[in-house]
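Engineer:
In the working numbering, the protein residues as written are 1154 to 1738.
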């Protein structure tokens, strides 16, 4: 990477997020036609999806349309991704329902107001993280954990919509197995015409997805099923439809803050922020890399925060960037956020003029749209890739998957985060270590397991630790060095600790190293250190160990072994000249 590229990357990481929509100032006329095409395509896709995801969240369909308008404009103003399609998504919709259903009755004013309040809270958390440059907190949810959680959430979402395909009514449950049990017990009440519409909708969506990917399948299904229900008057035969949808545009209003709603919704707002931003930034980075530009994590937080605050103040519910719509947006030719502006205008026009046309839209069709949309969230190929790259990552993935299925969405994600951190601590507690040997004819010392031809010196052990020395692994390191020292039975009985892999050391690590020195000073084995990095030198100096090790500090493993065997003269008294201490003290 060039120096200029390094400087640009540094500025992207450390600079505070700015609010200027830079794409407006440099917009090219040549981008207008592809942006227009993409905006129209996503608009046609988002209208049915917005209503479907509102249904999943337990909200009236118009709330999904409201969340698909002004929030998109807010992201277009502040976001750094040119292709990211923001709006309602399946997982966030399910999280919304799981948070609100225990507190309010679905469809009531309190439920709708709480959904707007939840969006406002999510937006404020995004803004705090963005302006505080705290985007790193999302790293607590690893990629493998996110894959497992997303797959489980997709299964839960899919089964939650089966009732709409069957035309049955089942009570809301908090756990996946209870939902399955309720569905099985309700199979005998299946409504034939509703099942036919649902099954045909699923089949049509899958066929269009396979043979005509550019065709907005959800819109085709909505138009077709609505026409069938209206012409055959199936609603009078018991086919559930969305009914009358208000044609009023989103209006500014503060959600109700009373009744302890803030405290009840804050945990879910934190989860939605974490999951939503992970999903959004992941897909944004994919298309930024593909089109050779950069996305700024902290500014993305601000943009998503502005989108959710807007959703909360204009009658919507939480939104984020979605995988499938972003892929369609890119394939349709989107080059700038103007495509999202056009999408928002299309949805606004639909709300103002076309909502009466959706009165006969069957809920089975919306359920089918959700089911087909979440199929792609079960990424078996990525699971196999994770297993091939790092098999231990399957632990976090598996815990996230089964915890979410068994315990529910919110508890599952909490367990998954804890499990992910425990896996990291487990790795840190037993860091990679290597016994080194010299490559013949060189001064390089390498891992004997990987370089079996490397030479060893009788009576000398060279050991490398590839991790920071901390409270997590201090006792493991002490035990390891003690075991290596006990194996040295012939002169000169020296143990060389190669510190090239130790980037940091905490107080516990320094205290443990002091204990190791004390134990070895009472034995015939002498401990030497080599290739100690600056931050570690600083800690050892403050702990009084640097002077205690005087004469046993070396720049490299080769120099240490040569001095121990008498093949070289001692290093100069000036540590700086010997490459041991930059301060010269």
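All C-beta atoms, glycine included, are put in the ideal place defined by N, C-alpha and C. Nothing here was measured: the structure is a model prediction, and the numbers come from that model.
#1: Quick one: what's got a C-beta closer than 6 Å to residue 1286's C-beta in the same chain, skipping five residues either side?
#2: Report the rounded CA-to-CA distance for residue 1695 versus residue 1617, giving the unit in angstroms.
#3: Is residue 1187 helix, strand or coil when you go by DSSP?
#4: In whole angstroms, what separates the C-alpha of residue 1223 from that of residue 1496?
#5: Does the distance from the CB of residue 1277 to the CB of residue 1500 come in under 8 Å?
#6: Which same chain residues, not among the five before or five after residue 1165, have their C-beta less than 7 Å away from its C-beta?
#7: Taking Cβ to Cβ, would you say residue 1592 is nearer than 8 Å to residue 1717?
#8: Rounded to the nearest angstrom, what separates residue 1359 and residue 1350 at their Cα positions?
#9: Please confirm whether residue 1648 and residue 1637 have their CB atoms less than 8 Å apart.
#10: Three or more C-beta pairs closer than 8 Å, one from the stretch 1595-1611 and one from the stretch 1703-1711: is that the case here?
#11: Tell me whether residue 1417 sits in a helix, a strand or coil according to DSSP, three-state version.
#12: Hey, out of 1520, 1403, 1189, whose CA is closest to residue 1470's CA?
#13: Alpha carbon to alpha carbon, how far is residue 1620 from residue 1684?
#14: Would you report the Cα separation of residue 1466 and residue 1512, rounded to the nearest angstrom?
#15: Given this structure, state the Cα-to-Cα distance separating residue 1463 from residue 1624, to the nearest angstrom.
#16: Determine contact between the stretch 1688-1702 and the stretch 1651-1664, defined as no fewer than three beta-carbon pairs at a distance below 8 Å.
#17: So, using beta-carbon positions, are residue 1586 and residue 1239 closer together than 8 Å?
#18: Which parts of the stretch 1253-1320 are runs of the alpha helix (DSSP H), unbroken and 4 residues or longer, counting only runs that do not cross its ends?
#19: Measure the beta-carbon distance from residue 1256 to residue 1209 and round it to whole angstroms, keeping in mind my assumption that it falls under 8 Å.
#20: Can you have a look at residue 1507 and say buried or exposed, based on whether 16 or more other CB atoms are within 10 angstroms of its CB?
#21: Secondary structure at residue 1684, three-state DSSP: helix, strand or coil?
#22: In or out: residue 1297 buried (at least 16 other Cβ within 10 Å) or exposed?
#23: Along the alpha helix (DSSP H) that carries residue 1507, what are the first and last residues, could you check?
#24: Measuring straight from C-alpha to C-alpha, what distance separates residue 1444 and residue 1274?
#25: Round the Cβ separation of residue 1242 and residue 1475 to the nearest angstrom and send it over; I've been treating them as touching at under 8 Å.
#26: By the DSSP assignment, the beta strand (DSSP E) with residue 1366 in it spans what residues?
#27: Within its chain, find whatever has a CB closer than 6 Å to the CB of residue 1161; leave out the 5 residues flanking it on each side and keep chain order.
#28: Taking the alpha helix (DSSP H) that residue 1461 belongs to, which residues open and close that run?
#29: Give me the DSSP bridge partner(s) of residue 1647.
#30: Under 8 Å, do residue 1306 and residue 1486 count as touching if we go by C-beta distance?
#31: Can residue 1455 and residue 1283 be called in contact, C-beta distance under 8 Å?
#32: With respect to the alpha helix (DSSP H) encompassing residue 1632, which residues constitute its N-terminal and C-terminal limits?
#33: One question on the structure: do residue 1705 and residue 1680 come within less than 8 Å of each other, judged by their Cβ atoms?
#34: Between the stretch 1389-1408 and the stretch 1317-1327, can you find at least three pairs of beta-carbon atoms closer than 8 Å?
#35: May I ask you to report which of helix, strand or coil DSSP gives residue 1398?
#36: Roughly how many angstroms separate the alpha carbons of residue 1229 and residue 1489, rounded to a whole number?
Structural biologist: A quick look at the data gives this:
#1: 1451
#2: 23 Å
#3: helix
#4: 10 Å
#5: no
#6: In this prediction, residue 1165 scores a pLDDT of 42, lower than 50, which makes its location untrustworthy; the coordinate-derived value is nonetheless stated afterwards. Counting only Cβ-Cβ distances below 7 Å, and skipping sequence neighbours, we find 1447, 1449.
#7: no
#8: 14 Å
#9: yes
#10: yes
#11: helix
#12: 1403
#13: 14 Å
#14: 26 Å
#15: 46 Å
#16: yes
#17: no
#18: 1262-1284, 1296-1313, 1315-1319
#19: With 8 Å as the limit, residue 1256 and residue 1209 do not qualify as a contact, their Cβ atoms being about 17 Å apart.
#20: exposed
#21: coil
#22: buried
#23: Segment: none, residue 1507 is in no alpha helix (DSSP H) and carries neither H nor E.
#24: 33 Å
#25: 4 Å
#26: Counting along the chain, residue 1366 falls outside any beta strand (DSSP E), and DSSP gives it neither H nor E.
#27: Residue confidence for residue 1161 is low, a pLDDT of 43 falling below 50, so the modelled location carries little weight; the figure read from the coordinates is stated next. Taken in chain order, the list of residues that qualify is empty.
#28: 1450-1466
#29: 1613, 1679
#30: no
#31: yes
#32: 1627-1639
#33: yes
#34: yes
#35: coil
#36: 9 Å
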